[in-house]
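Here's the structure, in structure tokens; my notes come after.
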Amino acid sequence: MMSSRRSEALVFSLVTGINLAMARLVDIWDSIGILEDQRVERMETVKKHIEGLLNEMITEEEALKKRIEANIISFRKQLEVLYQEMSLEPYKVDDDLTVLQLEKDLRLRVETLLKEKGDRLKEMRSLQQQDEELCEELCATPYYIPTGSLPSRNQLQELRQHIKQLSEEKSTRVKVFSGLRDDIRRLMAEMGHDPETSLERESVCNEADVFLLTHENIKALKMLLCQLEVKKESLLSTWDELKGRALSLWNRLECPEEERRALQGDGHSTLSVEIARWQNEVDRLEVLQKVKLEDVINKVRQELVYNWDKCMFGPERRESFSRHFCDSNFTEELLARHEEELSRVKAWQERARPLLEILEKWEKTWALFQDFEKKASDPNRFNNRGGALLKEEKERVKVQKMLPKLEEELKVAVEEWERTEGCAFLVRGKRATEYVSSMWEEHRLQRGKVKNECVTKKGEAVTLKTPTKRPLGSFRAESTPSKMKKTPNQTVLRTTTTTTTTSSSSSNTFLSVSGKPPLSGQKVQQRTKAMEISHRTPLQEFKGEKHLGMGTYSDFMSELTKKADHEAFLNSTAKDIL
């Protein structure tokens, strides 16, 4: 509204100005005295001039209008192309805009899109260059953007992400390559191995650009590293075999310690050098061994016997080599056969090491068990000083618990061995379970044998005197002293005969030594009770005295034997005195 009023005021002012100008011209013409015709002519000239000026201005403005309209059309076309190239949504124009505003708006939009297009192209060229370099190093496929096309914002973002992934992959591969290269260099240095193939030379080269970080090359490096590790293991195994061979030959040939120390070296040489040194030493020792074949073979036989014992081989296994073991024709072939047998035995021992360790542990525990069994029959064990008996009992319980566990562990290990090896595991010619069972059976028989010997010794030690049958009335007279003799120190010896019957029908005479005269006034009931006690069997005696802390029946029998021997000694002494 304000703009229209201002324009109307300007038009009115323009008209007023023309009218004033024309009035001024008329006044001038009047003062000059210009006639009417000339005035009209001059007015016509002013009119034409003003109309021409206005027409010219109108023409220019119409041309401007047409140019603006043309620009609008051009800008719209450019925008359509840019929208299509840049993958943008069409721009929506405000319908209330004038032609001039529309042209300006479209012009600014086109300029903005053209600048963005230029920036995209510039960024695309930079990113594509980075992408190509990374793809060339990693032998990867570049991100594809059609040639001559303008990348969209999503494409540029994907290209940036692709470059980021390639950069991370390159960093990972460089790290892996550096680690592999360091390991390869270290292994080559340890083995004294010089690069032979192109891959080996490229892998240890200091120039990082020489080696392409492709998946195939990384795999090849890993394969090369595995090969070098296998080669190193082989060299170490060869070195250990040579050292073992040299040590065996040193022991057989009884070489001085100075020669052995001289070959140990400083430990800074490569494996190849060390192997060459030890190989030369083994060759020298083998030449020396040929001169001392008999002594060497005898040493190998001693070593064989030692390893046979370690492996717990039975006679059958040893007799299979007896023909060569007993051969007195000492030749290199005989030595080779002995060394082959020794190698087989050591290899078997290495495979069966877990089983042999369990067996060795069981045998040690079994020896402790037998030792405790022997101690159980020793009466002196009850002299419990310093808690030795309690400590012994704890150890016995521990051993008794350990044996079943070891036997179960041995059973499982033997079953696994036989399933894996496909053959029986023999211990001194017997299956492992049979061997353990035979040891228990032998222990049982030995224990029974000891008990029988104890019973026999007791029967031999106890002498029975069978009394003559007399009336009950004469029993009192029999029990009175038959002879009394005073010793110089007024000691009286009295012999009393009683009858004792054992389960083995043996008898014994108990001798009572006292400084007092005999008690002839003893009652018959006491003598009858004594006769009943004397007719008990050892087992009945044990049951009757078990509460006295006699221990086991075998302990009781041992004590009874000692008592019988002591009473027999006293009896014989009394007879000599009488």
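At position 157 of the sequence shown the residue is numbered 1577 (my numbering), and the sequence of numbers has no breaks.
Note that the Cβ used here is the ideal one computed from N, Cα and C, for glycine as well.
Predicted, not measured: the structure shown is a model, and the values here were computed from it.
Annotated as proximal: LEU1830 and ILE1778, with beta-carbon spacing under 8 angstroms. Listed as beta-bridge partners of LEU1846 by DSSP are ARG1851. Per DSSP, ALA1560 lies in no alpha helix (DSSP H) segment and is marked neither H nor E.
For the pair GLY1849 and ALA1609, the Cα-to-Cα distance works out to about 51 angstroms. Here PHE1741 has GLU1761 as same chain residues with Cβ atoms under 6 angstroms from its own Cβ, once five neighbours each way along the sequence are excluded. GLY1868 sits in a helix when the DSSP states are folded into three classes. Counting along the chain, the unbroken alpha helix (DSSP H) around ASP1457 starts and ends at 1456–1505.
Taking one beta carbon from each stretch, the segment 1704–1715 and the segment 1727–1744 have fewer than 3 pairs nearer than 8 angstroms; the two do not touch. Under the three-state reduction of DSSP, ASN1749 is assigned to coil, being neither helix nor strand. By the Cβ criterion, the segment 1687–1700 is in contact with the segment 1659–1671, since at least three pairs of Cβ atoms, one from each stretch, lie closer than 8 angstroms. The alpha-carbon of ALA1796 is positioned some 15 angstroms away from that of LYS1818.
For ALA1490, the number of other beta carbons within 10 angstroms of its own is below 16, and it is reported as exposed. Between the alpha carbons of GLU1578 and GLN1585 lies a gap of roughly 10 angstroms.
For the 8 angstroms CB-CB criterion, ARG1672 and LYS1719 form a contact. By the criterion of a C-beta distance shorter than 7 angstroms, LYS1590 is surrounded in its chain by LEU1554, GLU1557, LEU1558, LEU1633, once the five residues flanking it on both sides are discounted. DSSP places CYS1675 outside both helix and strand once states are collapsed to three, so it counts as coil. Put simply, of ALA1640, GLY1538, ALA1852 the residue whose alpha carbon is nearest the alpha carbon of VAL1596 is ALA1640. Here DSSP, grouped into helix, strand and coil, assigns PHE1597 to helix.
Note that the segment 1484–1498 does not touch the segment 1460–1469; fewer than 3 beta-carbon pairs, one per stretch, sit closer than 8 angstroms. Remark: three or more beta-carbon pairs, one from each stretch, lie closer than 8 angstroms, so the segment 1768–1785 and the segment 1726–1738 are flagged as touching. When DSSP states are grouped into helix, strand and coil, HIS1582 belongs to the helix group.
Nearest to GLU1783 by C-alpha distance, out of ALA1852, GLU1505, GLN1699, is ALA1852. Contact annotation: the segment 1509–1519 does not touch the segment 1538–1552, with fewer than three C-beta pairs closer than 8 angstroms.
Closest in C-alpha terms to ARG1738, from the list TYR1726, SER1748, ASN1749, comes TYR1726.
Taking 8 angstroms as the upper bound for CB-CB distance, ARG1540 and PRO1571 are in contact here, some 6 angstroms apart. In the assembly as shown, GLN1820 is an exposed residue. Its beta-carbon has fewer than 16 other beta-carbons within 10 Å. If you draw a straight line from the Cα of GLU1835 to the Cα of GLU1827, it is about 12 angstroms long.
Counting along the chain, the unbroken alpha helix (DSSP H) around MET1822 starts and ends at 1808–1841. In the three-state DSSP reduction, PRO1566 falls in the coil class, being neither helix nor strand. Within the same chain, PHE1792 come within 7 angstroms of ARG1816 by CB-CB distance, once the 5 residues on both sides are set aside. Pairing THR1479 with LEU1445, the inter-Cα distance amounts to about 28 angstroms. In the three-state reduction of the DSSP assignment, GLY1612 falls in the coil class. Of the residues THR1561, SER1598, TRP1786, the one whose Cα lies closest to the Cα of PHE1631 is SER1598.
For CYS1625, the three-state secondary structure derived from DSSP is coil.
In the DSSP assignment, PHE1792 falls within the unbroken alpha helix (DSSP H) covering 1773–1796.
Under the three-state reduction of DSSP output, TYR1511 falls in the coil class, being neither helix nor strand.
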